[in-house]
Amino acid sequence: MIEIENIKKQLNNNPDISVRELNVSNKNISLVFLKSTIDKMLFVQSVLSPILSHKGEISFDILQKQILSVIDVEKINKNYVENIIKNKVLIFIEGEEGALSIDMELLPARQPNEPPTSPTIQGPREGFTESIKTNLALLRKQCQSKHLVIKNYFVGALTHTQISVVYIDNIADKKIVKSIIDKIKKINTDGIVDSHYLIEYLSKRPNGLFEQFGTNEKPDIVTAKMLEGRVAIFVDGTPIVLTVPYVFIEDLQNSNDYYTNSHYATFVRYIRSFGLILATIVPGLYASFRLYHYKIVPLKYIITINATTQNLPFTPIIELLFILILFQILYEVSLRLPRYLGLATSIVGALVLGDTGVQAGLISPPGIIIIALSLISMYTIPTQAPQLTILRFVFLIIGGTLGLLGIVGGIIYFVNYLNTLNEYNTPYLAPYAPRIKDDLKDALHRKPMGEMKQRPKSIPNNDEIRGIEKNNE
Amino acid sequence: MIGRIKAILKASSKSLMFTYFMIIMIVLLPNALVMPSQSFKSQIITAIGIDGTTNDIEMSVLALSNISKNNMNESTKVISGKGSTVANAVFSIERQVGRSLKMGHVGYIVLSKSLTNDDITKILNNLIITTKLPDTISLVICEDSAKSVLDSASKLEQTSSYKFREMIQNEYNEDFAQETSLDAFLKGYYSPNASSSLGYVSLTKNELLGVEADNSSGEEQNPDSSENSKGNTNSQNSSGQNNVLEYSNRQSVFKNGKFRYILSNEETEGLNFIVENNLQKLITINDINSQGLIDGKITFDVISEKLTVSTSINNNKPQILYNIALKLKVMEVISKNENKIAEDRLVIDDEISNKINQYVKQKISMLITKIKQEKTDIANIYNYFESENYSKLMSFLNTLQDKDDYLSYVQVKVNVRSKLSTN
Amino acid sequence: MNDQITVKQAGSLCAISMLALKLVTLPSILYQQAKTSGLISAFCLFLIDFFGLFLILKLKQKFPNMSLYELLCKAIGKIFAKAIYIILYFFLLLKLIFIINEAVSYTQSIVDEEFTNIMFLMCFLPVISAVAHSGLKSTARTCEVGFIFVIFGFIVCLFLSETTTSFMKLSSIFESSPLKILSSSFSTSIWFFDFLFLLIIMDKIKVEKNLIKRIFNLIIFVFIILFIFYIIYFRLFRNTAFLHKNAIADVTQYNRNIGNVGNIDIISILVYLFIIYFQGAIYMSCLRICFEKIIGEINPTWAIIFADIILVILQYFIFYNLEITINFYMAYFKFVWPFLWLMLLLLFFMKGENKNDRKNKSHIKS
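Residue numbers (this note's numbering), protein chains in the order written: chain A, 1 to 473; chain B, 474 to 896; chain C, 897 to 1262.
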């Protein structure tokens, strides 16, 4: 048929395009599909066999209603190529216009295992996968509500990536939903490969240092966030789900906090916030104390530091930058190295940096301790690791050039910068700035679940009180 | 070209702080990259000693130096310099070491007694106002040479775990009846009576009295420490050089910044009772014949002392009452007879109580007599009157020809109550 | 832009303003002027400040949506309103210079001896300008976040001062004559008048219930701990107060029980540095607002750059030294503040806002 020839031509006559010609009841039937992306067993059982074994008149209507044993079947008159590249099987009948489009997709996918970025000690371990259908299914499993709304969009001229905007209708703020959808519709690009591509289109400040979208890999976390009024955005091909609006305090919270004792959760959150300070400021402080502020450092520490840094060929700043860059290189190497080589690299790195460098008199133990402490502390908040890395460098330079005054100024500048972030009408540092008393029950301090009767006021929502299902009228 | 500049300006105006940060990096970072640590660039000083006379100062400093990587002990060198003023002497030392002196970690200042004939605040002026030393640093007077005290202190710190600074700075246990700090001295100096007291140290040969600075019995010496004491480290004992730091609770008294006298042991004991301090006090009473003792001698340790001071001025007669409540612990009981009562069964009966009262009052009386005689109010008696009876005090002072003589009119009463600690 | 701040944020701005100039030289000056009776001077000046704050807040309640400029235009006309804004502009500038000079002196004594004026300005001005540029809302939020740490740090500093034997008994607070107390109040008034900036941002405070009570709760708390600080200072130093011109650092250093650690100066240093940055940002925001009212619609960047340039010129060429600044202010400021009070009282006795005023307000353009 002419359409089939056109289809094959438009798809560059790729070898995985299959055309199965049948003749049933004296009519030529052609089945066109991508053989690499369909469920072959289901195709044979539910489509091919029933058609071949049919005796009698055949038409699209009869196929749809009497012959095909499939769930999704749709009559289409155009967009044949788009349907094929969406992994559908098209059935053409000679003499009839249009075609039937059947969803028989079976793409390689992995199991919803525990994601490496969000391990839990006690709690759900299912994680999202690269298949949006699986992800939506996992979400449905968690959130069995009639108010759950899923809106699908296809973005990317070449990739046609499916993006699903999901929210709970009676809770989420409609303005935010509308704003997100409008922005998605305006995206004009070749393709969206990962959800992080989307962030830069949806964000007011794509150049900003701090991201204002939450990234999650677990359905329980996404469900919890949606219950607070947030909107979730799923992207096909990536297990990372975006949630918006996003506040800074979410970085200091972890799903583990809700699956353990509330006092322990509070304690751990304070440790994380302390880790945040250690990660960003300590190298800069150390540099400034050594270069400008000997008075502030107690004498015994000066003696110890002097004893270990005497006769080093490097000045304090160069030493710290050198160790920092070495550690950063080690980190990058560990990300890219195959696992079986990782152990050897760790040993070499530890020996080179930790022992040999000190013994050779190139670097000092205090320098290593400071940088190591800073790097380790950074992973108390892994989602902000890139930002903290940059801030560490910035504060190191500020501390080395302007001293303690510069560091204090830098802290104030960055805190103020965070205060200017107001994506989707949500202050980034809420509930501390502005201070929202009710939201403090689940900020750094976590109260027991029973006491959190209201949804956070910092996240715009339509229903403040938790628990009672309101009809959205 | 102009278009390019405009484009750059426009881009930089979008993020001024980022532009500023880049400018800082370009301008200041190269300098910061090559800047050594401040403690290597400058010379940190941990102690100051001043000898000489008012117009001819010899200043010695303990300069921090690190010998080896593995040596975490504080090792110091004594460096001296001369000048007509302290500032000139500092400058002379800086020229010798080739670095500027940093005095932020000075722990103590030792002044030679030879300087105390004149107002010592003139000498300390530079250190107080210009250098702005921290208030809590100790200030002591030494009998002979401040330089030799510093030298001995340096050796002591290198060869033992004792730190002279800690010993006189009251970090763990106070050693002088009154705070012997720069600030305490200045508070007294600027008070109406202009009296203050400072600790007094000396170097002796007498090993029984103090802490030997240099153990020359074969222990490993730090070679560098000998450089500044002109090669007589190891043979100090035999050469006759004093090397024992002795500072047992002697207080020197100053008036208008000039040295007046040193308190005797009894007077110091009396001072201990009427100022609030944490000094360990012992009370030894003799001739006890009660509770089975014959000519008994009992030593008590004062666990705690509660001092309440009240003042009154009636008919221009100032009166101060010290109520002293002592909690005591029996340390030792010596008696001529063998069947003496054990320490833990001793009680404070009338005889013992009277003896204790007598003891305390006697010491206080000796002190009061001395300070009245010398018109040096180191017991802060004026301060007590000022806080409780200010207007009456002013009227009383107006009646005096010599206002400095107010102490001689003050009637001192002491009330002592003592009891044994139950522990 | 919705640049409104909450009552809590306004309260934290007021509290920080209260602390900014009171932690360094003021206790020393007070003692030198009136000895222990300096506490009475300080108390009286605090009361006057509180009364002024009360008037400003009452004014806010009376005219909830009007700015000071609109009020002045209504009372005395546009030209005089601009003249008053010019005076306020210079008042804020001089206060800011005072903060800078005190901070430079403090930094040189306590933090880094080699620190120069220029280095300080390089650190300080860009940050406060950037914070002011981002708008009053974010400035207020930043102060709100830092305020708790600052207060906590300040209380820790008080506990770090030695509390045992070194305290001398405080002499009678009526040590000096009433005339001396009055004279010292006049001379040290520049250290007060902290809440005048609230007039400039009056219209930006959200109208919430219990405005006065909530702000005063915070202010009184800060006042109490500040007063305790002064009492500790006076008891510790007394006759040597003239030597201790960095009160917060000197009080904190006065603890010899730290032992191994040494002095914990870092807490008092951080507390003070944070306070001056916040206060600088508040004043810079107010300077920007004043400038916009005086000149008219202008890019905030230019308003701030202009303020920076004027600050640098004044600080570098005229008020380059803390002593010169203090002497100048103590000599001349006492003639200025009655005028400021007059303006406040004039505004206070104006008639309240009615519906017609709300309509007319939109026609008053700066």
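Note that the Cβ used here is the ideal one computed from N, Cα and C, for glycine as well.
Under DSSP, B/Tyr673 takes part in a beta bridge, and its partners are B/Ile614.
Proximity to A/Phe234 across A/Asp194, A/Tyr246, A/Asn261, A/Ile323 peaks at A/Asp194, based on C-alpha coordinates.
Around the beta carbon of B/Leu659, 16 or more other beta carbons sit within 10 angstroms, so the residue counts as buried. Those residues of the segment 379–412 of chain A placed with their C-beta closer than 7 angstroms to a C-beta in chain C are Leu402, Gly403, Leu404, Leu405, Gly406, Val408, Gly409, Ile412, ordered along the chain. Sequence-ordered contacts of the segment 293–318 of chain A with chain B read Tyr294, Lys295, Leu299, Ile302, Ile303, Thr304, Asn306, Ala307, Thr308, Thr309, Gln310, Thr315, Pro316, Ile317, Ile318 [C-beta pairs closer than 7 angstroms]. A distance below 6 angstroms between beta-carbons, with the five flanking residues on each side excluded, links A/Ile150 to the following residues of its chain, in chain order: Ser164, Val166.
Membership of B/Asp823 in the alpha helix (DSSP H) is indicated by the continuous run 823–847. Counting C-beta pairs with one atom in each stretch, the segment 1160–1178 of chain C and the segment 954–973 of chain C have fewer than three that are closer than 8 angstroms, which means they do not touch. Closest option to A/Ile4, judged by alpha-carbon separation, among A/Thr380, A/Lys186, A/Lys78, A/Gln162: A/Lys78. Beta-bridge pairing by DSSP links C/Phe1130 to no other residue. Counting only the Cα atoms, C/Ile1190 lies some 12 angstroms from C/Phe986. Chain order gives the chain C residues near A/Leu429 as Arg1037, Val1041, where near means a beta carbon separation below 7 angstroms. The beta carbon of A/His54 sits closer than 7 angstroms to those of Val24, Ile67, all from its chain and outside the five residues before and after it, given in chain order. Assignment of B/Phe637 by DSSP, reduced to helix, strand and coil, places it in the helix class. The beta-carbon of A/Leu291 is placed less than 7 angstroms from the nearest beta-carbon of chain B. By the neighbour-count criterion, in which a residue is buried when 16 or more other Cβ atoms sit within 10 angstroms of its Cβ, B/Tyr855 is buried. The alpha-carbon of A/Val282 is positioned some 39 angstroms away from that of B/Ala562. Annotated three-state conformation of A/Tyr292 is coil, per DSSP. By the C-beta density criterion, C/Tyr1168 is buried, having at least 16 other C-beta atoms within 10 angstroms. Around B/Leu629, no beta-carbon contact reaches into chain A at under 9 angstroms, the shortest distance being about 16 angstroms. For A/Val333, the CB contacts under 7 angstroms within the same chain, skipping 5 residues up- and downstream, are Thr345 in chain order. DSSP places A/Val241 in the uninterrupted beta strand (DSSP E) bounded by 241–244.
Contact between A/Pro245 and A/Ile176 holds: CB atoms are separated by about 7 angstroms, below the 8 angstroms threshold. Bounds of the alpha helix (DSSP H) holding B/Asn598 are 593–598. Per DSSP, B/Ala505 is one residue of the alpha helix (DSSP H) stretching across 489–506. Distance between A/Ile329 and C/Phe942, taken at the CA atoms: about 58 angstroms.
Contact annotation: C/Lys1076 and C/Ala938 have beta-carbon atoms that are not nearer than 7 angstroms. Three or more pairs of CB atoms, one per stretch, sit closer than 8 angstroms, so the segment 659–679 of chain B contacts the segment 842–856 of chain B.
One Cα belongs to C/Phe959, the other to C/Leu992, and the distance between them is close to 28 angstroms. Taking a contact to require three or more Cβ pairs closer than 8 angstroms, the segment 248–260 of chain A and the segment 389–409 of chain A do not qualify as touching.
Per the DSSP secondary-structure output, B/Thr781 pairs in a beta bridge with B/Asn796.
Close CB contacts of C/Trp1233 within its chain, under the 7 angstroms cut and outside five residues either way in sequence, are with Ser1085, Phe1089 (chain order). For the 7 angstroms CB-CB criterion, A/Gly127 and A/Pro108 do not form a contact. Burial of C/Trp1087 is indicated by the presence of at least 16 other C-beta atoms within 10 angstroms of its C-beta. Thr1136, Leu1139, Asp1146, Gln1149, Tyr1150: these are the residues of the segment 1136–1151 of chain C whose beta carbon lies less than 7 angstroms from some beta carbon of chain B, given in chain order. In the pairwise beta carbon analysis, the segment 1119–1128 of chain C is classified as not touching the segment 897–908 of chain C: fewer than three pairs are separated by under 8 angstroms.
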